[in-house]
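**Student:** Have a look at this one.
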Amino acid sequence: MPLQPVRTAASMLDKKPADDVSISDRIGDRLAEMIATGQLKSGDRLTEATLSDMFACSRVPAREALKVLHAQGILVGGRHRGFRVGEFGPVKTRAVLDVRLALEALLVREAIVHWRNGTSDMALLDRALDDLGQAVAHGDLGEVLRCDLAFHRTIAEAARNDLALTLWNTMARYVIILFNLARYGDVDLGTVLVRHKALRDALLAEVSAPTATRDAFTLLSDHYLASRQPGAPVPLN
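Numbers 1 to 237, taken from full-length UniProt numbering, label the letters of the sequence shown in order.
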């Protein structure tokens with residue numbers, strides 16, 4: 001199938017300096033976004049040559065991106081047989097949600113302690129929320145996906161738990177694919193922003209309290225499941 005990103009792939013690679021995120025990582029992130037927004041679908045074939053042309057890069061980072069996405073289970077097949085986009089059904093979605101809730105509950109508990117003690121800066125979460133608001137205002141779905149994930153990554157980083165953050169980052173591409181394939185069909189982008197403001201407010205209330213008033217797992221479950229229509233797919237945003 002012809003690949004037609006929302007914006008040119010080369011411009012996506014220009015968004016961050018090379019010493020910040022490797023080219024192969026940015027290719028992987030962009031492909032995950034394309035799957036999440038339906039530009040790539042289950043069964044679509046990807047090759048080194050295709051990615052090299054799409055991202056105006058050599059085949060080396062293209063090959064590395066394919067290998068990593070295959071190892072993460074996002075692509076199936078193999079280098080000689082050809083890589084294809086995998087299936088992302090409700091069973092896999094439910095499994096990822098369960099793992100994410102457990103992991104993020106740990107991260108939220110630890111982030112609240114650091115915000116309360118002043119060892120992490122909660123203003124960074126407000127900045128992430130502002131970025132999300134701008135993306136929503138522009139109606140840019142791809143940017144909303146990135147800002148949504150950046151918001152949750154800010155919480156993960158505030159926890160100052162390197163092992164948990166590594167595990168969270170490993171899940172990030174599954175998050176953007178599975179969670180967003182399921183979630184935008186039943187809400188408008190403004191509702192996504194409202195949910196994240198509500199989560200920020202709930203976190204701020206916990207930080208302001210001398211001791212915990214709400215269980216982190218319940219707080220996150222409320223965020224993921226808020227305002228869903230009956231029968232809607234399991235959400236993960």
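Cβ atoms here follow ideal geometry from the backbone N, Cα and C, with glycine treated the same way.
Go through its chain and collect everything with a Cβ distance to Q72's Cβ below 8 Å, but skip five positions before and after it.
**Tutor:** T170, R173, Y174
**Student:** Taking the C-alpha atoms as reference points, what is the distance between L204 and G77?
**Tutor:** 45 Å
**Student:** Can you tell me which residues form a DSSP beta bridge with V76?
**Tutor:** R84
**Student:** Taking the Cβ atom as the reference point for each residue, do L145 and I176 lie within a distance shorter than 8 Å?
**Tutor:** yes
**Student:** In terms of residue numbering, what span does the alpha helix (DSSP H) encompassing S22 cover?
**Tutor:** Careful: S22 lies outside any alpha helix (DSSP H) and carries neither H nor E.
**Student:** Does the pairing of the stretch 134-154 with the stretch 212-227 give three or more beta-carbon distances under 8 Å?
**Tutor:** No, the stretch 134-154 is not in contact with the stretch 212-227.
**Student:** Considering only C-alpha positions, which residue in the set S120, V136, G190 is nearest to A156?
**Tutor:** S120
**Student:** Given V6, which residues of its chain have a CB within under 6 Å of its CB, disregarding the five upstream and five downstream residues?
**Tutor:** Note that V6 scores a pLDDT of 37, beneath 50, so its modelled location is shaky and nothing firm can be said.
**Student:** Does R45 come out as helix, strand or coil in the three-state DSSP assignment?
**Tutor:** strand
**Student:** Would you decide whether H138 is buried or exposed? Buried here means 16 or more other CB atoms lie within 10 Å of its CB.
**Tutor:** Classification of H138: exposed, given that the 10 Å Cβ count is below 16.
**Student:** Do R59 and R84 count as a contact pair if the criterion is CB distance below 8 Å?
**Tutor:** no
**Student:** So the candidates are E104, L220, D53, T47; which of them puts its Cα closest to the Cα of residue 268?
**Tutor:** The chain is shown only over 1 to 237; residue 268 falls outside these bounds and no answer can be derived.
**Student:** Beta-carbon separation of L167 and L125 under 8 Å?
**Tutor:** Not a contact, by the Cβ cut-off of 8 Å.
**Student:** Quick one: Cα of L225 to Cα of L40, how far?
**Tutor:** 26 Å
**Student:** To test your reading of the DSSP string, which unbroken alpha helix (DSSP H) runs of 4 or more residues are found completely within the stretch 128-160?
**Tutor:** 141-158
**Student:** Let me check understanding here. Comparing Cα to Cα, which of L193, I112, K67 lies closest to H223?
**Tutor:** Out of L193, I112, K67, L193 has the C-alpha closest to the C-alpha of H223.
**Student:** For the candidate residues I27, D131, R127, whose alpha-carbon lies nearest to that of residue 238?
**Tutor:** It is not possible to answer for residue 238, since the shown part of the chain is limited to 1 through 237.
**Student:** What's the call for G86, buried or exposed, on a 16-neighbour Cβ count within 10 Å?
**Tutor:** buried
**Student:** Tell me the DSSP secondary structure of A212 in three-state form.
**Tutor:** coil
**Student:** So V136 packs on L189, CB below 8 Å; how close in whole Å?
**Tutor:** 5 Å
**Student:** Please report the distance separating the alpha-carbon of P210 from that of G133.
**Tutor:** 30 Å
**Student:** Starting from V91, trace the alpha helix (DSSP H) both ways and give me its first and last residue.
**Tutor:** Going by DSSP, V91 is part of the alpha helix (DSSP H) stretching over 90-117.
**Student:** Which term fits P61, buried or exposed, when burial requires 16 or more other beta carbons within 10 angstroms of its beta carbon?
**Tutor:** buried
**Student:** So the alpha helix (DSSP H) A172 belongs to, where does it begin and stop?
**Tutor:** 162-174
**Student:** Find out if the Cβ-Cβ distance for the pair R153, H114 is shorter than 8 Å.
**Tutor:** no
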